[in-house]
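Protein chains in written order, with our numbering: chain C, 70 to 303; chain Z, 70 to 303.
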DNA sequence: AAAATAAGATGAAAAAATGCATTTTTCTAT
DNA sequence: ATAGAAAAATGCATTTTTTCATCTTATTTT
């Protein structure tokens, strides 16, 4: 992220979905207070948006791009909790109970993000219950998704987990049966909770069996039915 | 749970921790409204307190006992998310965003539970921000714990996962180095995310190696250091 | 108290997953 | 455009985990 980005307005707030949602619960004048203490930033692929363990000072709204939420353990191994496409509220996992970021968030492709000051946000939320409820809803929704994701992973074998990951990326991230990965095999393995080799082997097998068409970063789902069956059976 | 329990007062509200917390944020008169629409219940070991998929009508406060949160998948396989000891707020996982229970909660030993009406709770919370924030804090805290638990499981092998489960039960549930399990080996396996046999084998191995003293339901931690090391290494 | 059922334990074979060595391909920086 | 680095692919040996069969020990039920 270069200094110049701090000065240039990346996108117009008037078309912002977060503003749209917020203004259902507050007066434009009130939103203006929020806007004033917010900063628009660009992040290049691979750059850190929020860092686990750092003081949580902002809630972030992802305007454009794809990010990964991940947890870094003591041994430096990562675990991807979820991968999210814009538009989406990110980084609020601990808005209301922790002062440190529980997870890291990193750009998986070039992103545009609006960093919203937490102090002001809380201030407004404290005198505006419906807004507070809405934020709460978005934050707990994120938690819920992560947990359901973990549950999926927890009692399936690698076959089913990788099928899941592909189905998820296809339906919720790239929104197409044929997409170009912006994630490495290593990242897929951190999402599926297995070794990198296992991801590669499994993708090769799916390719050999005609379920997927895998060519490097390009992935096409050939046999959706069978992929879904593998996901179900585990 | 027998009908008679609906009429007998199981315990006194004046000593209730939930009342204590709540009354930091509301007048006793207001709390009285909440109390009036709440019901005290007893659950025997194995009984269902909340059922996944059912309409979420109550927030529950666990006065006494131990419960398990679990998710039932389509194939009828269970996955235990967490095991919690009283006193604790339970079943609020979806207070603010879902109308159905996301998980089931079951008594792992005899329990006393206060079922708090959600409609009234929300009503009060809507005009009492500090109370709303407190509830929010408790609810997201639960989510956070579950996720951190999953993270622990996700990149450890069975050895480390079982060490984790034992350490967790010892420190957070039974609160002793020597305890009598109220869970079956099958339940432990649903918590650790592995086969029942693997739990049995691993516990036997830990016993053989002098790390634990396992005799049926009785478990004693002999070598805490080594157990913690196994948990760390994975 | 005996019978029936469920839970726990053990060992061995089969399946799944990891780790390693090596090669090929792709990406990046100069 | 090319060298160097990183990522992807492949095959194999090893380890981990599951599954299955059998047996013992608890716990319920009648």
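We put the CB at the ideal spot given by N, CA and C, even for glycine. Only a predicted model underlies this, so the values are computations on that prediction, with no experimental measurement involved.
Is residue 125 of chain C near residue 170 of chain C, with beta carbons less than 7 angstroms apart?
Between residue 125 of chain C and residue 170 of chain C, the C-beta spacing is below 7 angstroms.
Using the beta-carbon of each residue, which ones in chain C are nearer than 7 angstroms to residue 87 of chain Z?
In chain order: nothing, as chain C lies at least about 18 angstroms away.
Using only the alpha-carbon positions, how far apart do residue 123 of chain C and residue 151 of chain C sit?
Approximately 20 angstroms between the Cα atoms of the pair.
Mind listing the chain Z neighbours of residue 140 of chain C? Cutoff is C-beta to C-beta under 7 angstroms, in chain order.
Here the neighbours are 220.
If we ignore side chains and look at the alpha-carbon of each, how far apart do residue 173 of chain C and residue 258 of chain C end up?
Cα-Cα distance, rounded: 17 angstroms.
Check whether the Cβ atoms of residue 176 of chain C and residue 112 of chain C sit closer than 7 angstroms, and answer yes or no.
Yes. Within cutoff.
Just confirm the distance between the C-beta atoms of residue 158 of chain Z and residue 200 of chain Z, as a whole number of angstroms; I'd bet it's less than 8 angstroms.
Not really, about 13 angstroms apart at Cβ, beyond 8 angstroms.
Find the residues of chain Z that neighbour residue 262 of chain C, judging by a C-beta separation of less than 8 angstroms, and give them in chain order.
What residue 262 of chain C touches in chain Z: 223 and 224.
Hey, quick one: how far does the alpha helix (DSSP H) through residue 125 of chain C stretch, first residue to last?
It is not in any alpha helix (DSSP H) - residue 125 of chain C carries neither H nor E in the DSSP assignment.
Can you pull the chain Z neighbours of residue 157 of chain C, defined as C-beta to C-beta under 7 angstroms?
Scanning chain Z for C-beta atoms nearer than 7 angstroms to the C-beta of residue 157 of chain C yields nothing, as the closest lies near 15 angstroms away.
Counting pairs of Cβ atoms below 8 angstroms between the stretch 244-261 of chain Z and the stretch 221-232 of chain Z, do you hit three or more?
The answer is yes - the stretch 221-232 of chain Z touches the stretch 244-261 of chain Z, with three or more Cβ pairs under 8 angstroms.
Is the Cβ of residue 137 of chain C closer than 7 angstroms to any Cβ of chain Z?
Any Cβ of chain Z closer than 7 angstroms to the Cβ of residue 137 of chain C would place that residue at the interface, and such an atom is absent.
Just to confirm my understanding: we take residue 295 of chain C, look at its own chain, exclude 5 residues before and 5 after, and list those with CB closer than 6 angstroms. What are they?
Excluding sequence neighbours, residue 295 of chain C sits near 280.
I'd like the span of the beta strand (DSSP E) that includes residue 147 of chain C, first residue to last.
That run of the beta strand (DSSP E) goes 147-154.
Can you name the start and end residues of the alpha helix (DSSP H) that residue 189 of chain Z belongs to?
That run of the alpha helix (DSSP H) goes 187-195.
Taking Cβ to Cβ, would you say residue 205 of chain Z is nearer than 7 angstroms to residue 161 of chain Z?
Their beta carbons are not under 7 angstroms apart, which means residue 205 of chain Z does not touch residue 161 of chain Z by this criterion.
Who are residue 137 of chain Z's beta bridge partners in DSSP?
Per DSSP, Z/152 and Z/175.
What do you reckon, are the CB atoms on residue 212 of chain Z and residue 138 of chain C nearer than 7 angstroms?
Contact: no.
Reference residue 253 of chain Z, options Z/268, Z/243 and Z/245, closest by Cα
Per the Cα distances, Z/268.
Below 7 angstroms CB to CB, which residues in the same chain sit around residue 300 of chain C once its five sequence neighbours on both sides are set aside?
The answer, listed in chain order, is 229, 232, 233 and 236.
Taking Cβ to Cβ, would you say residue 180 of chain C is nearer than 7 angstroms to residue 115 of chain C?
In this structure, residue 115 of chain C does not lie closer than 7 angstroms to residue 180 of chain C by Cβ.
Determine, using beta carbons only, whether residue 202 of chain C and residue 108 of chain C come nearer to each other than 7 angstroms.
No.
Mind listing, in chain order, the continuous alpha helix (DSSP H) runs of no fewer than 4 residues lying wholly within the stretch 198-240 of chain C?
Runs of the alpha helix (DSSP H) spanning 4 or more residues and lying entirely within the stretch 198-240 of chain C occur at 198-223 and 227-237, in chain order.
Going along chain C, which residues have a C-beta under 8 angstroms from residue 146 of chain Z?
For residue 146 of chain Z, the residues of chain C that pass the 8 angstroms Cβ criterion are 224, in the order they occur in the chain.
Mind checking residue 81 of chain C: buried by the 16 CB within 10 Å criterion, or exposed?
Classification of residue 81 of chain C: exposed, given that the 10 Å Cβ count is below 16.
Going by Cα to Cα distance, which pick from C/101, C/277, C/132 and C/195 is closest to residue 85 of chain C?
Checked all of C/101, C/277, C/132 and C/195; the closest Cα to residue 85 of chain C is C/132.
Pop quiz: residue 99 of chain Z and residue 193 of chain Z are said to be a contact at Cβ under 8 angstroms. What is the actual Cβ separation, rounded to whole angstroms?
With a beta-carbon spacing of about 6 angstroms, residue 99 of chain Z and residue 193 of chain Z fall inside the 8 angstroms limit used to define contacts.
Any idea what DSSP makes of residue 82 of chain Z, helix, strand or coil?
The three-state reading of DSSP puts residue 82 of chain Z in helix, counting H, G and I together.
For residue 249 of chain C, write down the residues that DSSP places opposite it in a beta bridge.
Answer is C/287.
With 7 angstroms as the C-beta to C-beta threshold (strictly closer), list the residues of the stretch 170-201 of chain Z near chain C in chain order.
So the list reads 171, 195, 198 and 201, given in the order they occur along the chain.
Would you report the Cα separation of residue 91 of chain C and residue 242 of chain C, rounded to the nearest angstrom?
Cα to Cα, residue 91 of chain C sits roughly 24 angstroms from residue 242 of chain C.
Cβ shell of residue 156 of chain Z (< 6 angstroms), same chain only, five flanking positions each side left out
Once the five neighbours on either side are set aside, the close Cβ partners of residue 156 of chain Z are 86.
Local conformation of residue 106 of chain C per DSSP, three classes
Of the three classes helix, strand and coil, the one that applies to residue 106 of chain C here is coil, per DSSP.
Do residue 110 of chain C and residue 188 of chain C come within 7 angstroms of each other at the CB atom, strictly closer than that value?
No; because the gap between Cβ atoms is not below 7 angstroms, this pair is not in contact.
Looking at the secondary structure, which residues open and close the beta strand (DSSP E) in which residue 157 of chain C lies?
First-last of the beta strand (DSSP E) with residue 157 of chain C: 157-159.
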